[in-house]
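Just so we're aligned, residue 2 is where the sequence shown starts under this note's numbering, counting upward by one.
First comes the structure, then the notes that go with it.
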Amino acid sequence: MLKKPPLPIFISIASLLMPVLVEATDWVISPQIETGIMDYKYEQWHPKYTFSLTDKLPFLGVGATLAYDRFFIEGYQKTGQGKEPFLDRSYYFGQAVEELNADFNFRLYSLTVGYWLSDKFSMYGGYQARNTSFNLSNTSHDRRFEIDYEASGPFVGLAYGWRIGSGLLSLNSGYASLNIENETSINNGSVEPITFSNRTLAQNIGISWNAPITRNLSYGVSLSSYSLIVDELAESRSDLRLTLTYSFDVPKSSQPEIYPPKRKQKKPIQEVVVPPNAPGF
Numbered sequence: 002m003l004k005k006p007p008l009p010i011f012i013s014i015a016s017l018l019m020p021v022l023v024e025a026t027d028w029v030i031s032p033q034i035e036t037g038i039m040d041y042k043y044e045q046w047h048p049k050y051t052f053s054l055t056d057k058l059p060f061l062g063v064g065a066t067l068a069y070d071r072f073f074i075e076g077y078q079k080t081g082q083g084k085e086p087f088l089d090r091s092y093y094f095g096q097a098v099e100e101l102n103a104d105f106n107f108r109l110y111s112l113t114v115g116y117w118l119s120d121k122f123s124m125y126g127g128y129q130a131r132n133t134s135f136n137l138s139n140t141s142h143d144r145r146f147e148i149d150y151e152a153s154g155p156f157v158g159l160a161y162g163w164r165i166g167s168g169l170l171s172l173n174s175g176y177a178s179l180n181i182e183n184e185t186s187i188n189n190g191s192v193e194p195i196t197f198s199n200r201t202l203a204q205n206i207g208i209s210w211n212a213p214i215t216r217n218l219s220y221g222v223s224l225s226s227y228s229l230i231v232d233e234l235a236e237s238r239s240d241l242r243l244t245l246t247y248s249f250d251v252p253k254s255s256q257p258e259i260y261p262p263k264r265k266q267k268k269p270i271q272e273v274v275v276p277p278n279a280p281g282f
């Protein structure tokens, strides 16, 4: 098996679009929790076998954002797992395998730093790492496969947001330079494991809507799409997620500005949005 990353750091592109309540010298801490479903596809091709695995899988995520003036920093963790038949189109030494029973585990970690360039544009960058593992079996053909797949590396991106009422509609797009490591074991090691590693670019685009529920609590709904292709492997994922964010240490003694600041306009505190984690790699 591949060496597991110690505590990988993965990116969530989202909080960079995040307007927060601040005064000139105030810090804001915003923990987040999210749930959603991913439409996941993993393909691998090799002279001895091919896989095309697709399924819809649930996931959970937690994170926290620290904001000061125009700067943002966020840590984020996302996990997903399932145990079910994958819809599959696979071949092993030319023999069709229609369906594989799969144990699936997905772990993703990120650290993101962002900066507001204006009241609409933000830029961000950071580092991401994730691990995806499959245990696959097909009793009718007596085949077992174990796949350990890791991707890690830096990323950069831009985000743009529109205020609509008290909410924020935002778009973001980013690229990551990922180091890919993949190991496939067949029939519990009876066949020599097949490994490869390489570097590639991954692209992510996303759209999100965020709005307040109460003074400190906000919700977000987002959709993102991610894809990469390298050597004999391709991966794509579309995520639909619902996020709740709570903002601590919001000043109550005065009317803070919406951040990014609208220079000549003050808003009641109830209209300030503290969006959650938006789509990431």
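Every residue, glycine too, gets a C-beta built ideally from N, C-alpha and C.
| field | 9 Å Cβ cutoff met for Leu169 and Trp117 | value | Here residue 169 is taken as the residue at index 168 of the sequence shown, counted from 1. Here residue 117 is taken as the residue at index 116 of the sequence shown, counted from 1. Their beta carbons are not under 9 Å apart, which means Leu169 does not touch Trp117 by this criterion.
| Does DSSP put Lys121 in a helix, a strand or coil? | Translated into positions along the sequence shown, residue 121 becomes position 120. Lys121: coil per DSSP, three-state reduction.
| Ser225 burial status per 10 Å Cβ neighbour count (16 or more: buried) | Position 224 of the sequence shown holds residue 225. Classification of Ser225: buried, given that the 10 Å Cβ count is 16 or more.
| said: Can you confirm whether the segment 35 to 43 touches the segment 236 to 245 when touching is taken to mean that 3 or more C-beta pairs between the two stretches lie within less than 8 Å? | reply: Pairwise C-beta distances place the segment 236 to 245 in contact with the segment 35 to 43, as three or more of them are shorter than 8 Å.
| query | Mapping DSSP to helix, strand and coil, what is Ile181? | reply | Position 180 of the sequence shown, counted from the start, is the residue given in the question as residue 181. Correct three-state label for Ile181: strand.
| query | How many Å lie between Phe122 and Gly175 at the Cα? | reply | Along the sequence shown, read from residue 1 onward, the residue named residue 122 stands at position 121. Along the sequence shown, read from residue 1 onward, the residue named residue 175 stands at position 174. A direct Cα-Cα distance of roughly 14 Å separates Phe122 from Gly175.
| task | Measure how close the beta-carbons of Leu234 and Asn183 come, nearest whole angstrom, since I'm counting them as under 8 Å. | result | Translated into the one-based positions of the sequence shown, residue 234 becomes position 233. Translated into the one-based positions of the sequence shown, residue 183 becomes position 182. For Leu234 against Asn183, the beta-carbon gap comes to about 6 Å, under 8 Å, which counts as contact.
| task | Report buried or exposed for Tyr69, applying the criterion of at least 16 other Cβ atoms within 10 angstroms of its Cβ. | result | Taking the sequence shown and counting its residues from 1, the one referred to as residue 69 is at position 68. With fewer than 16 other Cβ atoms from the protein chains shown falling within 10 Å of its own Cβ, Tyr69 counts as exposed.
| said: So for Ala279, helix, strand or coil by DSSP? | reply: Walking along the sequence shown from the start, residue 279 turns up at place 278. The predicted position of Ala279 is uncertain, since its pLDDT is 40 and thus under 50; a value taken from the coordinates is nonetheless stated next. Reduced to three states, the DSSP call for Ala279 is coil.
| Where do the ends of the beta strand (DSSP E) carrying Gly221 lie? | Here residue 221 refers to the residue found at position 220 when the sequence shown is read from its first residue. Counting along the chain, the beta strand (DSSP E) containing Gly221 begins and ends at 218 to 231.
| field | Short Cβ contact (9 Å threshold) for Ser248 with Val29 | value | Residue numbering aside, residue 248 sits at position 247 when the sequence shown is read from its first letter. Residue numbering aside, residue 29 sits at position 28 when the sequence shown is read from its first letter. The answer is yes: Cβ separation under 9 Å.
| task | Name the one or two DSSP bridge partners that Ile206 has. | result | Along the sequence shown, one-based indexing puts residue 206 at 205. Residue pairing for Ile206: DSSP places it in a beta bridge opposite Ser174, Ser226.
| Three-state class that DSSP yields for Ile214 in the structure shown | The count along the sequence shown starts at 1 and reaches residue 214 at position 213. Three-state result, Ile214: coil.
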